[in-house]
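The working numbering puts the first residue of the first sequence at 4, with every later residue one more than the last. Following: one structure in structure tokens, then a few remarks.
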Amino acid sequence: MVNNSAKEVRVRFAPSPTGDLHVGNIRTALFDWAYARHTGGKLIFRIEDTDRERVTDEYIARAIETLRWLGLQWDEGPEVGGQYGPYLQSQRLDIYTQWAQTFLKNGDAYNCYCSTEELEARREKQRELNQAPGYDGKCRSLSAAEIAEFEAQGRKPVIRMRMPDGETRFNDLIRGEVVFEHKYVPDFVLMRADGSPLYTLAVAVDDVLMKITHVLRGEDLLSSTPRQIRVYQAMNVKPEDYPLFAHLPFVMGQDNAKLSKRNGEVSIAWYREQGFLPEAICNYLALLGWSPGDDRENISMQELVELFTVERVNSSPARFDMKKLEAINGDKIRALTIEDFLSRALPFLLKDGVITGTENEIEVVKSALPIIQERIARMNEVTAMLKFLFVDQVEFEAESAQKISEEPSQHVIAKALEVLAGLNEWKHDQIEAKLRAALLDELGLKPRVAFGPVRIAVTGSHISPPLFESMELLGKDRSIARLKAAVR
RNA sequence: GGCCCCGUCGUCUAGUGGCCUAGGACUCUGGCUUCUCAAGCCAGCUACGAGGGUUCGAAUCCCUUCGGGGCUGCCA
């Protein structure tokens, strides 16, 4: 194969944002990024918006925002510019037109006057005859008279690439040598009658013009590779200057189908709202189709850059597993410093209306974070965990309300109230000592039986952060008030 | 249908002819710890799709077969 090692590596991430970037897109972006960084090359971010009916400015803006949030910095592309721009294909239309005209002039492409309906009818026939459906070459060599006839009918031609006889073979970095015989690669459309380009034209022209050396993309594009190579040939690019291809395995949903709404959320925006940390998403996604080679699974972005090679990318598809993402997210949360944890928790607390953002509230949150850090797997759980600290009175869930109204519970709470009222130093260890002495030693209760009712009275739920620390955080007055309120 | 890609525990993976009676992680189950929930620790369950070769020896190489997926567009 060709030696590209002398050249600077230039990798591109080129999504077509027809919606929010999804898990598969991001896995590709992550690998593109990691490969560029690992090799000391450049990451080029290009927007493939040749289909403006489906790609909107809103989606483009969201894609940019998502990549930034994940920390996948690009060296050239929207907002940062670069010498090979513009990086939005919708702004490069004249370039594609020029090349299409060149192909026409050189005989590599030809005008095709077949209408969509005619094409569809002929394809249907091919299927009936059990032939491979595809363009039949009807307009390949039209006479001047035939062209005049079509023009007279008012037909507007599309520009179609001529696929020569033979085959295309290339060395996929992940799959090895792949061969496509051209009889299975029909002539394809480069440009619509209205002059707008198709993906196959734009992608190949831009990869060449932007001097892309490596194309790491989804495996669904594998079979379109011969068409791109055909465009390189028509552009007169030397084979040694073709980019190297690496087709990444799919990321699938639970049931062996492509990841979709039905079997797990796909939109990265959703994961962000749920409180998944960007570094956790990247760590997990890195493990889908790639592995460092040893038993390491907790991988930082820095380590990913150091360790990532295409050679270590798998060729088989991977299933997305929310449980494992959550486990990794929990690990990452536990590894956060309190300051970092705080800055990431605040947006959720604010958004959910738990706090308004006063200094005092933030102080309380900060002091409460240590006791909930190992108890959450998603950042949005901080709301449920800390809400009891910021409400005037807790609301009991049905089961807890029932439990606390029962006689044994009432007895416990009365006792707690009695011993706690006189406690001057309201510290968790003091509170614990008092309650243990009164409820365990004196009343002879089991810890679970003793502390359960108190927990419900104070936090509103039978599941909560550690009780004594919670009471300290709440303060004496409010803790006592809640115990009183729990008495019938 | 045709072409192309893929096939190790439920899932992600390690594994490139002997180190594999197949390792790790997530999940699940049981236990320990314990003020609830977590976290942590310990233990356990479960895999080389099948069939033929090649070889002293195969998860690793070859063939066949079965299964899954992609493409087959004036989508990308």
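Every residue, glycine too, gets a C-beta built ideally from N, C-alpha and C.
Closest option to residue 36, judged by alpha-carbon separation, among 49, 20, 16, 26: 16.
Between residue 432 and residue 318, the alpha-carbon positions lie close to 56 Å from each other. Around the beta carbon of residue 362, a 10 Å sphere encloses fewer than 16 other beta carbons of the protein chains shown; the residue is thus reported as exposed. In this structure, residue 70 sits away from residue 39, with a CB-CB distance that is not shorter than 8 Å.
Cα atoms of residue 365 and residue 72: separation of roughly 24 Å, rounded to the nearest angstrom. Residue burial is scored here from C-beta neighbours: residue 467 has at least 16 other C-beta atoms within 10 angstroms and is therefore classed as buried. Across the structure, residue 407 and residue 293 are spaced so that their CA atoms are roughly 52 Å apart. Straight-line measurement puts the Cα of residue 46 at about 23 Å from the Cα of residue 234. The beta-carbon distance between residue 397 and residue 455, rounded to whole angstroms, is 15 Å. This is too long to meet the 8 Å contact definition. Residue 350 and residue 271 have their C-alpha atoms some 17 Å from each other. Residue 111 counts as buried, since no fewer than 16 other beta carbons sit within 10 angstroms of its beta carbon.
Note on geometry: alpha-carbon atoms of residue 251 and residue 346 lie some 35 Å from one another. Secondary structure note for residue 113: it is in no alpha helix (DSSP H), and the uninterrupted beta strand (DSSP E) holding it is 112-115. Secondary structure note for residue 162: its beta strand (DSSP E) is the uninterrupted segment 161-164.
In summary, residue 341 is exposed, with fewer than 16 beta-carbon neighbours lying within 10 Å of its beta-carbon over all protein chains present. In the DSSP assignment, residue 474 falls outside any beta strand (DSSP E) and lies within the alpha helix (DSSP H) extending over 470-477.
The three-state secondary structure of residue 371, taken from DSSP, is helix.
For residue 335 and residue 257, the gap between their C-alpha atoms comes out near 24 Å. The beta-carbon separation of residue 371 and residue 316, rounded to 43 Å, does not stay under the 8 Å limit for a contact.
Distance from residue 204 to residue 193 at the Cβ level is roughly 4 Å; contact confirmed, criterion being Cβ atoms closer than 8 Å. Taking all protein chains shown into account, residue 187 has fewer than 16 neighbouring C-beta atoms within 10 Å of its C-beta and is therefore exposed.
Distances from the alpha-carbon of residue 426 to those of 282, 384, 482, 458 put 482 closest. Per DSSP, residue 175 is one residue of the beta strand (DSSP E) stretching across 170-175.
The C-beta of residue 449 has fewer than 16 other C-beta atoms within 10 Å across all chains shown, which makes the residue exposed. Pairing residue 378 with residue 278 gives a Cβ-Cβ distance that is not under 8 Å.
Rounded to whole angstroms, the separation of the alpha carbons of residue 92 and residue 472 is 57 Å. Ranked by Cα distance from residue 285, the first of 115, 296, 297, 301 is 301. Beta-bridge pairing by DSSP links residue 250 to 220. Judged by their CB atoms, residue 74 and residue 373 are not nearer to each other than the 8 Å cut-off.
Annotated three-state conformation of residue 194 is strand, per DSSP.
Counting along the chain, the unbroken beta strand (DSSP E) around residue 179 starts and ends at 179-184. With contact defined as three or more Cβ pairs closer than 8 Å, the region 96-107 and the region 56-71 are not in contact.
Under DSSP, residue 321 shares a beta bridge with 254. For residue 51, the closest C-alpha among the options 168, 26, 88 is that of 88.
Counting only the Cα atoms, residue 162 lies some 6 Å from residue 113. Per DSSP, reduced to three states, the secondary structure at residue 446 is coil, with no helix or strand assignment.
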